[in-house]
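Given below as structure tokens:
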């Protein structure tokens, strides 16, 4: 989902879209993104890459390759950035889920969960993604772990379902 800010100026409405939220579709767009990324503050670059990876996530294989390269770039170039590690691992899990490689998706979701257990201040919806993929794939060996994960979230009153998964 992209956030669009509409600004009224002299009777015209301009759509303002942050440079890191635009969908990079062409080589020129991608080049511009990385140029601006190079000028951004170092402590924000990993987040900009993660946002771009989320925006570009779709089922076109060529774009999935580009999208998958962004989280890997974060892990390689910003290994000290603990705030982005779990969301990045979750993004990789989602990318493999879209590709249909559910075993690899579960592997990345599990890494994300392990990181969240180690660093409690980082919280994502990985517990839901892991649970959903494992159940959908019929991976009964994970059911006990899923029950424990969801029970912990319920007991700590942090269980949150992403509204985008439900149509009202």
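Residue numbers (the working numbering): 114 to 281. Cβ coordinates follow ideal geometry from the N, Cα and C atoms, glycine included.
Rounded Cβ spacing between residue i and residue j (contact assumed at less than 8 Å)
| i | j | result |
| --- | --- | --- |
| residue 237 | residue 200 | 5 Å |
Identity of the residue in the options nearest residue i by Cα
| i | options | result |
| --- | --- | --- |
| residue 205 | 263, 239, 149 | 239 |
| residue 255 | 220, 266, 270, 268 | 220 |
| residue 213 | 142, 225, 189, 249 | 249 |
| residue 155 | 182, 190, 141, 268 | 190 |
8 Å CB neighbourhood of residue i in its chain, flanking five on each side removed
| i | result |
| --- | --- |
| residue 222 | 202, 203, 206, 239, 242, 243, 246 |
| residue 235 | 195, 196, 198, 199, 200, 228, 229 |
| residue 259 | 243, 244, 247, 248 |
| residue 192 | none |
Secondary structure of residue i, DSSP reduced to three states
| i | result |
| --- | --- |
| residue 232 | coil |
| residue 257 | helix |
| residue 140 | helix |
| residue 206 | helix |
| residue 239 | helix |
| residue 220 | helix |
Residues near residue i by beta carbon distance below 7 Å, same chain, minus five either side
| i | result |
| --- | --- |
| residue 188 | 201 |
| residue 209 | 217, 218, 221 |
| residue 225 | 199, 202, 203, 206, 237, 239 |
Close Cβ partners of residue i (< 6 Å) along its chain, the five nearest in sequence each way excluded
| i | result |
| --- | --- |
| residue 257 | none |
| residue 215 | 246, 250 |
| residue 181 | 208 |
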